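Please read the structure below before turning to the comments.
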Amino acid sequence: MTDYDPNSIESRWHDRWTETERYQADPTDDESTFITVPYPYPSGGMHIGHARTYTVPDVYARYRRLQGDAVLFPIGWHVTGTPIIGAVERLKKGEEEQLDVLQNTYNVPSDTLSELETPMGFARYFIEEHYKTNMKALGLSVDWRREFTTNDERYKRFITWQYERLNDRELLEKGLHPVKYDLEQENAVTTHDILEGEEAEFQEYTLVKFEWDGTTVPMATLRPETIHGVTNTYIDPDAEYVRAAVDDEEWIVSADGAEKLDHQARDVEILDSFTGDSLVGEQVTNPVTEESVPVLPAGFVDPDNATGVVMSVPAHSPDDWIALQAAKADAERLREHGIDPQTVQAIDARPIANVEGYGEIPARDAVEFAEVESTTDPELETVRQELYNNEFHGGRLKEMYGEYAGEIISDVRDEIKQEYQQRGAFDAMYDFAETVISRAGGKVIVAEQETWFLRYNDTDWTEKAHEAVESMTAIPETTREQYTHTIDWLEEWPCIRNYGLGTPLPMDEDFIIEPLSDSTIYMSYYTIAHRLQDIPVEQLTPAFFDTLFYGADAVEEPDETALELHEEWEYWYPVDFRCSGNDLISNHLTFYLYHHAELFEEPQWPQGITSMGMGLLEGKKMSSSKGHVVLPSEAIEEYGADTVRFFLLNSAEPWQDFDWRADRVEDTRDQLERFYSRATELIERDVPDEQPSLEPIDRWLLVKLQATIEATTDALEAFETRKASQAAFYGFEEHLRWYRRRTDRDRAGARWTLQEVLRTRLELLAPFVPFLTNELHEQLIGEPATGWPSVDPAFIDQTVEIEESLVEQLTEDINDIVDVTGTDPDRIAVYTAADWKRDVFEQVTETGPDVGAVMSEVMEQPELRERGDEVNQLVGDLVEDVRGRDDETLSTMTEIEEQTVYEQAEEFFAQEFDAEIVVKNEADAEDDEQEQADDAVPFRPAVHLD
RNA sequence: GCGAGGGUAGCCAAGUCAGGAAACGGCGGCGGACUCAAGAUCCGCUCCUGUAGAGGUCCGCAGGUUCAAAUCCUGCCCCUCGCACCA
Numbered sequence: 001m002t003d004y005d006p007n008s009i010e011s012r013w014h015d016r017w018t019e020t021e022r023y024q025a026d027p028t029d030d031e032s033t034f035i036t037v038p039y040p041y042p043s044g045g046m047h048i049g050h051a052r053t054y055t056v057p058d059v060y061a062r063y064r065r066l067q068g069d070a071v072l073f074p075i076g077w078h079v080t081g082t083p084i085i086g087a088v089e090r091l092k093k094g095e096e097e098q099l100d101v102l103q104n105t106y107n108v109p110s111d112t113l114s115e116l117e118t119p120m121g122f123a124r125y126f127i128e129e130h131y132k133t134n135m136k137a138l139g140l141s142v143d144w145r146r147e148f149t150t151n152d153e154r155y156k157r158f159i160t161w162q163y164e165r166l167n168d169r170e171l172l173e174k175g176l177h178p179v180k181y182d183l184e185q186e187n188a189v190t191t192h193d194i195l196e197g198e199e200a201e202f203q204e205y206t207l208v209k210f211e212w213d214g215t216t217v218p219m220a221t222l223r224p225e226t227i228h229g230v231t232n233t234y235i236d237p238d239a240e241y242v243r244a245a246v247d248d249e250e251w252i253v254s255a256d257g258a259e260k261l262d263h264q265a266r267d268v269e270i271l272d273s274f275t276g277d278s279l280v281g282e283q284v285t286n287p288v289t290e291e292s293v294p295v296l297p298a299g300f301v302d303p304d305n306a307t308g309v310v311m312s313v314p315a316h317s318p319d320d321w322i323a324l325q326a327a328k329a330d331a332e333r334l335r336e337h338g339i340d341p342q343t344v345q346a347i348d349a350r351p352i353a354n355v356e357g358y359g360e361i362p363a364r365d366a367v368e369f370a371e372v373e374s375t376t377d378p379e380l381e382t383v384r385q386e387l388y389n390n391e392f393h394g395g396r397l398k399e400m401y402g403e404y405a406g407e408i409i410s411d412v413r414d415e416i417k418q419e420y421q422q423r424g425a426f427d428a429m430y431d432f433a434e435t436v437i438s439r440a441g442g443k444v445i446v447a448e449q450e451t452w453f454l455r456y457n458d459t460d461w462t463e464k465a466h467e468a469v470e471s472m473t474a475i476p477e478t479t480r481e482q483y484t485h486t487i488d489w490l491e492e493w494p495c496i497r498n499y500g501l502g503t504p505l506p507m508d509e510d511f512i513i514e515p516l517s518d519s520t521i522y523m524s525y526y527t528i529a530h531r532l533q534d535i536p537v538e539q540l541t542p543a544f545f546d547t548l549f550y551g552a553d554a555v556e557e558p559d560e561t562a563l564e565l566h567e568e569w570e571y572w573y574p575v576d577f578r579c580s581g582n583d584l585i586s587n588h589l590t591f592y593l594y595h596h597a598e599l600f601e602e603p604q605w606p607q608g609i610t611s612m613g614m615g616l617l618e619g620k621k622m623s624s625s626k627g628h629v630v631l632p633s634e635a636i637e638e639y640g641a642d643t644v645r646f647f648l649l650n651s652a653e654p655w656q657d658f659d660w661r662a663d664r665v666e667d668t669r670d671q672l673e674r675f676y677s678r679a680t681e682l683i684e685r686d687v688p689d690e691q692p693s694l695e696p697i698d699r700w701l702l703v704k705l706q707a708t709i710e711a712t713t714d715a716l717e718a719f720e721t722r723k724a725s726q727a728a729f730y731g732f733e734e735h736l737r738w739y740r741r742r743t744d745r746d747r748a749g750a751r752w753t754l755q756e757v758l759r760t761r762l763e764l765l766a767p768f769v770p771f772l773t774n775e776l777h778e779q780l781i782g783e784p785a786t787g788w789p790s791v792d793p794a795f796i797d798q799t800v801e802i803e804e805s806l807v808e809q810l811t812e813d814i815n816d817i818v819d820v821t822g823t824d825p826d827r828i829a830v831y832t833a834a835d836w837k838r839d840v841f842e843q844v845t846e847t848g849p850d851v852g853a854v855m856s857e858v859m860e861q862p863e864l865r866e867r868g869d870e871v872n873q874l875v876g877d878l879v880e881d882v883r884g885r886d887d888e889t890l891s892t893m894t895e896i897e898e899q900t901v902y903e904q905a906e907e908f909f910a911q912e913f914d915a916e917i918v919v920k921n922e923a924d925a926e927d928d929e930q931e932q933a934d935d936a937v938p939f940r941p942a943v944h945l946d
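In UniProt numbering, the protein residues as written are 1 to 946.
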């Protein structure tokens, strides 16, 4: 027996697989299975979470291969967009955090760092040194001939074709869209480029166009429905404001606000500049109520938020309420600003909605209840949120709202907004609710830019996408609804970026097609990627791809090579399963469905998607920037690839989150090690070539083996890697434990059975732990596992199964009694039920689990009627027992000779309990045994210990 | 807020769709066998009570349906994830 040494086994099989080109897939006469996984984005290294993402499809690929399919499992590399460029820039700048991740988390040697200073150099390093190395070490059965990057010229030709065709179909559209924009760099930025305010969302502020002296003063608000409650407005007296021509009007806004408007597709020209003080004390006119209200000074107004002027609704805004009280209390300050304190004293809060749980003036109640007294009190945020929520979802508008009176605010806000917008009283602008700073240090604002969109809200396209969702297999099934929901929710998707790696948009080559938009149908590219290498780039015209994907009739003079490739594409397509992450359902996976539904015919649509959960490390989220990751290379070196795979596949189903815990992984390794040593021990033993005569216990084990084959196969078909590996590995270990207890393993029959079992299990486990199983299979049979086992009907035998379960049950019962009584018996008497009881049992199986019905049948027999109460009790027990067993089991049970079963196991019981065993029928019990023997029930013998 | 998933014994976790045995496994813990000893392996026990295989109380909380509920229905509480131009 040799020790389990995963590293030597694994390297031996790697070499074999590479030399024999084992996983290179080409069209054959066999059925095809095509399985894909999102191509990795090598902006950093690979961690153990990625390892699972790629191992799950590998298990399926290996499984289908054993089932006899030609299986294609390819990998490519996604480099599109800005993340890699950003990473390179941070490296070149010598940013500490970036260097730390590269050197300490991903172990990049110092003298190699310079190679990473170009985007493709960076990508190439992680592709070769991390992803590919790890994937090979994990034993992924990938056809490496087909790899490519999305920055390759040939791939770009393919994407160009895709976008030409989408444009032909009018699914692309040009338009304005809000983007995050760095004012200093004068460029759009991504979340990745943001240093502060990463979470910030675009807010669309309503601008209420108050009027002052022929000029518009746009008050920015998120609550336009409060327009009737405005009592005054606020401006920052010390901040810089401007008078500007905005489109064809004249507006007064903060200087910051004017700059933002300028970037939001408005024509802005500054005419004059002054501090907010100039407007303080003036009267402005509400465009809806036509009422005049004063402009008051307030320090809490942020000139860098929207227009820098706000309206005050003290009845509903806690901030406004507090500010108004403060203004009333500080007559001195008002006078300084040239305001008559009397006018402020005269201002009364004006409620515009009734809010459940609050009095007439909700803001006052909220503020007083929380005892907040100043606009700088941090508690105010909570009060504001709570009141806002209650008002939005529970506030009913008062009578001044006319047709909207009595309505809940959340139901009508948008309508009110639109109505006044149409009338010209309202306008709108975008801004963030917080400060956003880019990594470059510039202030980030919301700008509106010309952009190209994919029209995911197009009615026909949406319809097709829905059809694609309906026709595919969704694993787990609960995700189907998420796709449906996403399709209904998706609007237009901006599909270009200003810069980055990738393919220029053919209609406007200044822009690059963004990453989520150049990765929707690339699975089709895998089918021919290796063969495109031999074709000059210039030859890869849109017409070439038309021929490749649509066949000879698609163009007038089809290219010969393209026609050949068309066959290859047809052989592999559609994708049978795409294995991906939960988090991609709301974008990538749905886009994948959209584009397939549009560009390809229904038979080529995705057949199935498996969504996977996330990975945790010791119970916490993994994070490469915090160094809280485990690298596959480290794990493989420590435990071996089979252990890593088995843990990832066995600790949770693919769609559940898994938790990488070192002690758990260690246990997994121990289990595999034990399996290995048991197997080698078994392999070394001589086994008869022909099947020798088998004992019932051998047959029992083979029955369990058939059930295991079935369970494992069914589970794998459903991508239940945990259930499958549990059945084939742990589940079967249980049976073996019992088998070893029950029988002498030196018998020829036992040796034969155990090897038969081993061979089958090696095949069942081959997809999970390919190195270990192929090694052992070869030692056992002389060749690696090449087929998937099927259930052998010759070994299905319910009688054997039930008989053995009786022995197990009796063992348990005796154990229980020994345990409860704390005795160590010298003699164990087992009494099987008397014949009349057996008759009653048969009657119950015949009549069914209905006490009344059985009793009336039974009472017709005089010899049973005599036993009255006793029979009644027995029927009750038996009805309970029979309920829940199916008819087949019951009919098998009626054939079983219970006493013989126990007699045959006498030796086993004697050994188990180190006692003399006596098995007899209740009817044959001596007088002094009668009392115990009476308790016997069919299939539940009475037991007496001495 | 919207959408999705989830709450099962000390921990992890099956069972829930197709209602029917305190509820598969594993870990940890306790006891025992083997051993000079340790490890490995094997066997019990591990909600409460119990010197006869039993009884009691259980599956987030509260109700309901049913002969029967972890499973079906209703309400509530708590947790996780996604919500867009970002891979």
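Just so it is clear, CB atoms sit at the ideal spot from N, CA and C, and this is done for glycine as well.
The model shown is predicted, which means the values in this text are computed figures rather than measured ones.
Under 8 Å between the Cβ atoms of Val-309 and Met-429?
As a first step, residue 309 is located in the first sequence; it is residue number 309 there, counting from the start. As a first step, residue 429 is located in the first sequence; it is residue number 429 there, counting from the start. Cβ distance not < 8 Å, so Val-309 and Met-429 don't count as in contact.
Option nearest Glu-690 by Cα separation, candidates Phe-544, Ile-636, Trp-752, Ser-254
The residue you call residue 690 lines up with position 690 of the first sequence. Closest option to Glu-690, judged by alpha-carbon separation, among Phe-544, Ile-636, Trp-752, Ser-254: Trp-752.
Leaving aside the five residues before and after Pro-303 along the sequence, list all residues of the same chain whose C-beta is less than 8 Å from its C-beta, in chain order.
Translated into positions along the first sequence, residue 303 becomes position 303. Correct list, in chain order: Asp-236, Ala-239, Glu-240, Tyr-241, Ser-254, Ala-255, Asp-256, Gly-257, Gly-276.
Please classify Ala-933 as buried or exposed, where buried requires at least 16 neighbouring CB atoms within 10 angstroms.
Position 933 of the first sequence, counting from 1, holds the residue named residue 933. It counts as buried.
DSSP three-state label for Val-208, please.
Here residue 208 is taken as the residue at index 208 of the first sequence, counted from 1. Strand at Val-208.
What residue range is occupied by the uninterrupted beta strand (DSSP E) comprising Ala-829?
The residue you call residue 829 lines up with position 829 of the first sequence. It spans 827 to 832 - the beta strand (DSSP E) in which Ala-829 sits, taken as one unbroken run.
Could you give the residue range of the beta strand (DSSP E) that holds Ile-445?
Taking the first residue of the first sequence as position 1, residue 445 is located at position 445. If you look at Ile-445, you'll find it in the beta strand (DSSP E) that goes 444 to 455.
What is the rounded straight-line gap between the Cα of His-14 and the Cα of Met-612?
Along the first sequence, read from residue 1 onward, the residue named residue 14 stands at position 14. Along the first sequence, read from residue 1 onward, the residue named residue 612 stands at position 612. Taking the straight line joining both Cα atoms gives about 27 Å.
Which residues in the same chain have their Cβ closer than 6 Å to the Cβ of Leu-324, if we skip the five residues on either side of it in sequence?
Position 324 of the first sequence, counted from the start, is the residue given in the question as residue 324. Taken in chain order, the residues that qualify are Pro-314.
Test item: CB-CB of Gly-608 and Met-400 under 8 Å
On the first sequence, position 608 is the one that residue 608 refers to. On the first sequence, position 400 is the one that residue 400 refers to. Their beta carbons are not under 8 Å apart, which means Gly-608 does not touch Met-400 by this criterion.
Under 8 Å between the Cβ atoms of Val-293 and Thr-233?
One-based indexing of the first sequence puts residue 293 at position 293. One-based indexing of the first sequence puts residue 233 at position 233. Yes, they are a contact pair.
Can you name the start and end residues of the beta strand (DSSP E) that Arg-578 belongs to?
For the purposes of this step, residue 578 is taken as residue 578 along the first sequence, with counting starting at 1. Where Arg-578 is concerned, the enclosing beta strand (DSSP E) stretches over 577 to 581.
Taking DSSP as the reference, what is the three-state secondary structure of Lys-398?
Against the first sequence, residue 398 aligns to sequence position 398. Coil at Lys-398, not helix or strand.
Where are the beta strand (DSSP E) runs, 3 residues long or more, that stay fully inside the stretch 40 to 83, in chain order?
70 to 72
Would you please state the rounded distance, in angstroms, between the beta carbons of Ala-652 and Arg-759? I believe it to be under 8 Å.
Here residue 652 corresponds to residue number 652 of the first sequence, with the count starting at 1. Here residue 759 corresponds to residue number 759 of the first sequence, with the count starting at 1. That belief does not hold up - the Cβ atoms of Ala-652 and Arg-759 are roughly 29 Å apart, past 8 Å.
For Pro-297, report the span of its beta strand (DSSP E) as first-last.
Reading the first sequence from its first residue, position 297 is the one you call residue 297. First-last of the beta strand (DSSP E) with Pro-297: 292 to 297.
For Tyr-39, which of Leu-565, Ile-9, Phe-148, Ser-141 has the nearest alpha-carbon?
Against the first sequence, residue 39 aligns to sequence position 39. Comparing Cα-Cα distances from Tyr-39 to each of Leu-565, Ile-9, Phe-148, Ser-141, the minimum goes to Phe-148.
Does the beta-carbon distance from Gly-229 to Ile-352 come in below 8 Å?
Taking the first residue of the first sequence as 1, we reach residue 229 at position 229. Taking the first residue of the first sequence as 1, we reach residue 352 at position 352. Yes, they are a contact pair.
Give me the Cβ distance between Ser-725 and Tyr-4, rounded to the nearest whole Å; I'm assuming they're in contact under 8 Å.
Within the first sequence, residue 725 is the residue found at index 725, counting from 1. Within the first sequence, residue 4 is the residue found at index 4, counting from 1. So it is not a contact: roughly 18 Å between Cβ atoms.
Count the C-beta pairs between the stretch 763 to 780 and the stretch 859 to 872 that are closer than 8 Å, then say yes if the count reaches three, no if not.
no
Asp-698 - containing alpha helix (DSSP H), residue span
Stepping through the first sequence from its first residue, residue 698 is reached at position 698. 696 to 717 is the extent of the alpha helix (DSSP H) around Asp-698.
In angstroms, rounded to a whole number, what distance separates the CA positions of Phe-795 and Ile-697?
Position 795 of the first sequence, counted from the first residue, corresponds to residue 795. Position 697 of the first sequence, counted from the first residue, corresponds to residue 697. C-alpha separation (whole angstroms): 12 Å.
Environment of Ser-891 [buried if 16+ CB atoms lie within 10 Å]:
By 1-based counting over the first sequence, the position of residue 891 is 891. Exposed.
Determine, using beta carbons only, whether Trp-788 and Gln-67 come nearer to each other than 8 Å.
As a working note, residue 788 is residue 788 in the first sequence. As a working note, residue 67 is residue 67 in the first sequence. Cβ atoms of Trp-788 and Gln-67: closer than 8 Å.
Should Thr-28 be labelled buried (16 or more other beta-carbon atoms within 10 Å of its own) or exposed?
Here residue 28 refers to the residue found at position 28 when the first sequence is read from its first residue. Taking all protein chains in view, the Cβ of Thr-28 is surrounded by fewer than 16 other Cβ atoms within 10 Å, so the residue is classified as exposed.
What do you reckon, are the CB atoms on Thr-486 and Ser-586 nearer than 8 Å?
Counting from one through the first sequence, the residue named residue 486 turns up at place 486. Counting from one through the first sequence, the residue named residue 586 turns up at place 586. Contact check for Thr-486 against Ser-586 passes: the beta carbons are separated by less than 8 Å.
What residues in its chain sit with their C-beta under 7 Å from that of Ser-410, if we drop five residues either side in the sequence?
One-based indexing of the first sequence puts residue 410 at position 410. Closer than 7 Å at Cβ, skipping near neighbours: Phe-392, His-393.
Apply the 10 Å Cβ neighbour rule to Leu-195 and answer buried if 16 or more other Cβ atoms are within range, or exposed otherwise.
Sequence index remark: in the first sequence, residue 195 carries index 195 (1-based). Leu-195 should be labelled exposed.
Checking 8 Å against the spacing of the C-beta atoms, do Gly-581 and Asn-104 come in under that value?
For this step, residue 581 is matched to residue 581 along the first sequence. For this step, residue 104 is matched to residue 104 along the first sequence. Cβ atoms of Gly-581 and Asn-104: not closer than 8 Å.
Assign Arg-759 to one of three DSSP states: helix, strand, or coil.
To locate residue 759, count along the first sequence from 1; it is residue 759. Arg-759 falls in the helix class under three-state DSSP.
Ala-718 versus Tyr-63, Tyr-23, Glu-19, residue with shortest Cα-Cα distance:
For the purposes of this step, residue 718 is taken as residue 718 along the first sequence, with counting starting at 1. It is Tyr-63 whose Cα lies nearest to the Cα of Ala-718.
Would you check if the stretch 741 to 751 and the stretch 678 to 689 touch, i.e. whether three or more CB-CB distances between them fall below 8 Å?
yes
Is the stretch 82 to 89 touching the stretch 48 to 58, taking contact as three or more C-beta pairs under 8 Å?
no
Straight-line gap, Val-56 to Glu-906 (C-alpha atoms, nearest Å):
Mapped onto the first sequence, residue 56 falls at position 56. Mapped onto the first sequence, residue 906 falls at position 906. Answer to the nearest angstrom: the Cα atoms are 47 Å apart.
On the DSSP letters alone, give me the boundaries of the alpha helix (DSSP H) that Val-481 sits inside.
Mapped onto the first sequence, residue 481 falls at position 481. Looking at the sequence itself, residue 481 is Glu, so the reference to Val does not match. Unbroken alpha helix (DSSP H) run through Glu-481: 479 to 489.
Here's the rule: buried if 16 or more other CB atoms are within 10 angstroms of the residue's CB, otherwise exposed. What is His-263?
As a first step, residue 263 is located in the first sequence; it is residue number 263 there, counting from the start. His-263 is buried by the Cβ-count criterion.
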